[in-house]
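Asks:
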Amino acid sequence: MSYFRAHVLVCAGTPCMLKGAGAVKDALCREIERAGLQEEVRVVETGCLGPCDDGPVIVVYPEGVMYSKLKPEEMSRIVQQHLLKGRVVEDLVYRAEKEKAKPVVSLEEQGYLDRQYRIVLRNCGRIDPDSIEEYIANGGYEALGKALTTMTPEQVVATVKDSGLRGRGGAGFPTGLKWSFTAPIAADQKYIICNADEGEPGTFKDRLILEGDPHSIIEAMAIAGYAVGADQGIVYIRGEYHLSIERLQRAAARARELGLLGKDIFGTGFNFDLQIRTGAGAYVCGEETALIESLEGKRGEPRLKPPYPGVAGLWGKPTVVNNVETLANIPPIILKGAEWFRGIGTEKTPGTKVFTMLGDITNQGLIEVPMGITLREVIYGVGGGIPNGRGFKLAQTGGTSGGCLPKEFLDLPMDYDSLAEAGSALGSGALLVIDDSHCIVDVLRSFMKFFQHESCGQCTPCREGTARLYQLFSDLAAGKAGQDAVQLIKELCQTMQLSSLCGLGQSAPNGVVTALQYFEEEIQKHVAGECPAGVCRISMGSRAV
Amino acid sequence: MPVKSSTEPKKSLRQVIAEHNSDPGALLDILRDAQEIHGYLSAAVMEEIADELDIPVSRVYGVATFYTLLATKPKGEHIIRVCESPPCHIRGAVNILETLKEVLGVNPGETTEDKKFTLELTSCLGVCGVAPAMMIGDQVYGNLTPERVKEILKTYA
Ligand SMILES: Cc1cc2nc3c(=O)[nH]c(=O)nc-3n(C[C@H](O)[C@H](O)[C@H](O)COP(=O)(O)O)c2cc1C
Ligand code: SF4
Ligand code: FES
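Those protein sequences? They're chains P and F, same order as listed. Using our numbering, the final residue of the first sequence is 547, and nothing's skipped along the way. Using our numbering, the final residue of the second sequence is 151, and nothing's skipped along the way.
1) Looking at the secondary structure, which residues open and close the beta strand (DSSP E) in which histidine 217 of chain P lies?
2) Nearer than 6 Å: is that true of the beta carbon of leucine 434 of chain P relative to any heavy atom of ligand 4?
3) Is arginine 240 of chain P near ligand 2, going by C-beta to nearest heavy atom under 6 Å?
4) Name the residues in the segment 412 to 423 of chain P whose C-beta lies less than 8 Å from a C-beta of chain F; which are they?
5) Quick one: list the residues of chain P neighbouring aspartate 132 of chain F, beta-carbon separation under 9 Å, in chain order.
6) With DSSP collapsed to three states, give me the class of phenylalanine 175 of chain P.
7) I need the straight-line Cα distance from valine 124 of chain F to glutamate 524 of chain P, nearest angstrom please.
8) Check whether the Cβ atoms of valine 95 of chain P and alanine 37 of chain P lie closer than 7 Å to each other.
9) In whole angstroms, what is the alpha-carbon distance linking glutamate 295 of chain P and alanine 530 of chain P?
10) Using 8 Å as the threshold, is the segment 310 to 328 of chain P in touch with the segment 256 to 266 of chain P, meaning 3 or more CB pairs across them?
11) Within 7 Å of any Cβ in chain F, is that where the Cβ of lysine 100 of chain P sits?
12) According to DSSP, proline 352 of chain P sits in a beta bridge with which residue or residues?
13) Could you spell out the range, first to last residue, of the beta strand (DSSP E) harbouring phenylalanine 6 of chain P?
14) Hey, how far is the Cα of proline 155 of chain P from the Cα of isoleucine 332 of chain P?
15) Taking phenylalanine 475 of chain P as the query, report the chain F residues whose CB atoms sit under 8 Å from its CB, ordered along the chain.
16) Pick from P:Gly481, P:Val90, P:Pro186: whose alpha carbon is nearest that of valine 61 of chain P?
17) Is there a C-beta anywhere in chain P that falls below 7 Å from the one on proline 50 of chain F?
18) To the nearest angstrom, report how far apart glycine 88 of chain P and serine 476 of chain P are at their CA atoms.
19) Counting only C-beta atoms, is serine 36 of chain F closer than 7 Å to chain P at any point?
20) Please state the DSSP three-state secondary structure of glycine 361 of chain P.
21) Can you tell which of P:Ser133, P:Ile346, P:Leu360 has the C-alpha that lies nearest to the C-alpha of threonine 354 of chain P?
22) Applying the criterion that 16 or more other CB atoms from any shown protein chain within 10 Å of the CB defines a buried residue, is threonine 116 of chain F buried or exposed?
23) Does the Cβ-Cβ distance between tyrosine 119 of chain P and proline 415 of chain P come in under 7 Å?
24) For a cutoff of 7 Å on Cβ pairs, would you count arginine 258 of chain P as touching chain F?
25) For leucine 506 of chain P, which residues from the same chain have a beta carbon less than 6 Å from its beta carbon, with the 5 sequence-adjacent residues on both sides left out?
26) Could you compute how far the alpha carbon of alanine 487 of chain P sits from the alpha carbon of leucine 297 of chain P?
27) By Cβ distance, which residues of its chain are closer than 6 Å to valine 514 of chain P, with the 5 residues on each side in sequence left out?
28) For the segment 74 to 99 of chain P, which residues have a beta carbon sitting closer than 7 Å to at least one beta carbon of chain B?
29) Using a threshold of 7 Å, state whether the C-beta atoms of alanine 23 of chain P and proline 74 of chain P are closer than that.
30) Going along the chain, which unbroken runs of the beta strand (DSSP E) with 3 or more residues stay wholly within the segment 153 to 204 of chain P?
31) Please determine, among P:Glu303, P:Cys13, P:Glu47, P:Glu221, the residue with the shortest C-alpha to C-alpha distance to glycine 288 of chain P.
32) Among P:Glu349, P:Glu410, P:Arg392, P:Lys307, whose alpha-carbon lies nearest the alpha-carbon of glycine 361 of chain P?
33) Would you say glutamate 150 of chain F lies against chain P (beta-carbon separation less than 7 Å)?
34) In the DSSP assignment, the beta strand (DSSP E) including tyrosine 135 of chain F goes from what residue to what residue?
35) Can at least three beta-carbon pairs, one atom from the segment 240 to 253 of chain P and one from the segment 209 to 220 of chain P, be found at a separation below 8 Å?
36) To the nearest angstrom, report how far apart methionine 542 of chain P and alanine 480 of chain P are at their CA atoms.
And the structure:
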């Protein structure tokens, strides 16, 4: 391998590609060649670097200077000034808090990463996701080697159990405990499924992990396979995630070539391989039993539990279903131990969480922070606050099935238990910030439209409940709701929570229930034909959408 | 979904089914491939699949209508899917939809007269970092404004 004095990482995550990262990279390569630096500077495509709103983004190493919002024509300055003369191009440097911050330099020094702690995203934006060599050079497949050659399956399960890792797919179920149910079952076949269906509105962390570090998921699935005695893995991935699918396929092929998947891995007699299956557009298929139905070629309708998939899952065989982010935690836990992991985050929820910050927030994008950080720290710290001089109205954590939290909750720690107590959820880590220009009825109507569309229709409380709630909020928005609307909404929510078959119907009312607690007055005003935020076009009758 | 132009000769439905060993467990994959070949899943195609897999047509139809990426009706050359989930809604997805309706002269679910575009609504596309967003075919577009939407449509003219 030749020696390069500098590396330029070009973010090739979807948001940056959409903003023209391809053209930026081409221009960069052209300029590097024009300057005759092609033997000295290496350009590498990498996964998401985080500040998606400010793409296209590149990072120049060894200094670690991040440039953002780039245009192809600016590449000549970066090459001429930075790569040739070693001078940072100040005006193109990424600024974490756009208005006030002075230009900052290295990735580590930047405010953006200050409060962050990267376990899951350890390699994202640092290595070329298409290079298994770079993954290995950064400690990749070491955990698999350690597990296979120095640990028994029982020890692997025990380590994950001791780490306190909880599932990051939404429910927060302890991962080690889940594995310990499946491991002792004697069966001719078991499966590990990686749930990469990611349909929760506002969530795109799994996509960015798969795009940025596909090998970490392959390695983790093999470790899980060893722990519970499964030799087959399946990644169920959203049909729209073209780039993730391609990268994962290439990564699996490379791992096979190097004998890290397949037969007799590390000469230990352990066999494991995986296939990649794609979804066809149905949010409910993220629910683990619906996902399994879909894998069996059926409508993705959730099954009644128990039996749980850990006992009888795909084709009736014991099946462990884990989320992408959950799995990404496994290799570091095996390498560094349960103690280390427990030292991060909170006592009940160790580790970090990847959040996607969205809506009315200055820095939209992806962050990884220790569990237990407060909403305020995320929104006003890493998130850079609320833009356009508006005030904070509410934050919805956990995706569309989470609760609406007003400003009284800004100091709430972000972990499973605290958020559940407040009537919300940590869920998949989506954090939707809504400023005071929005109307609660319009927001709730949008939630209900989603659920009404995504309900699989199998059970009555959810099928009818979501449709009725959507109708009621449409009526409220149009100023056509009856006097009893709020009472009806309350009753419907309760029925759905108590009697829906799966998590979709049970949690769909969360946003409404919390909003009724904290914003009832604003909702009631709509009954009287008034929209305080001036969003609902009440006087004009029902809206077009 | 539009048929991808590809240099490979297209496989026949029979070949596809044979590749999956006539396994009903692979129904979803077979339907996806069948759609790739025929553009959409017509009654005749679904009947043929049911015959070959030896399962009731109702099951094939049930699966085909469950998933939004499968189509049982013919669609336009380009399918435009506008995200209407809350994060995009907050950032003005309604204006994007209104612009598309106005320029194309169709409502969601409809196809333009020249069969060029089908307008659809969709749940979150997983690119909320650049909300509001839409997809045209396999291509994602983010940070949309009414002006940008018009520009983008021009590139498909
Ligand atoms: C309606 C619904 C949608 C879900 N969508 C997802 C999803 O997209 N990804 C995911 O990992 N889990 C999703 N889940 C949770 C899964 O059922 C399951 O709990 C999870 O995949 C288990 O993995 P974990 O323990 O690693 O979190 C969903 C659950 C429900 C009820
Ligand atoms: S709760 Fe909703 S999504 Fe779940 S099974 Fe019932 S109808 Fe389907
Ligand atoms: S909400 Fe529109 S892409 Fe996610």
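Don't be surprised by glycine CBs; every beta carbon is placed ideally from N, CA and C. Since we're looking at a predicted model, the values are computed, not measured.
Replies: This is what the structure holds:
1) From DSSP, histidine 217 of chain P is part of no beta strand (DSSP E) but of the alpha helix (DSSP H) over 216 to 230.
2) Ligands present in the displayed structure are limited to ligand 1, ligand 2 and ligand 3, and ligand 4 is not among them.
3) no
4) none
5) Glu242, His244
6) coil
7) 30 Å
8) no
9) 46 Å
10) no
11) With a pLDDT of only 38 at lysine 100 of chain P, under 50, the local geometry of the prediction cannot be trusted, and no value is derived from it.
12) P:Gly347
13) Per DSSP, phenylalanine 6 of chain P belongs to no beta strand (DSSP E) and is neither H nor E.
14) 14 Å
15) Under the 8 Å cutoff, chain F gives no residues; its nearest Cβ is about 13 Å from phenylalanine 475 of chain P.
16) P:Val90
17) no
18) 59 Å
19) no
20) strand
21) P:Ile346
22) buried
23) no
24) no
25) Val286
26) 41 Å
27) Leu446, Cys495
28) Judged by its chain identifiers, the structure shown contains no chain B, and its protein chains are P and F.
29) no
30) 193 to 198
31) P:Glu303
32) P:Arg392
33) In the sequence as displayed, the identity of residue 150 of chain F is tyrosine instead of glutamate. No, no contact with chain P.
34) 133 to 135
35) yes
36) The predicted model places methionine 542 of chain P with a pLDDT of 46, which falls under 50 and marks its position as unreliable, so this point remains unresolved.
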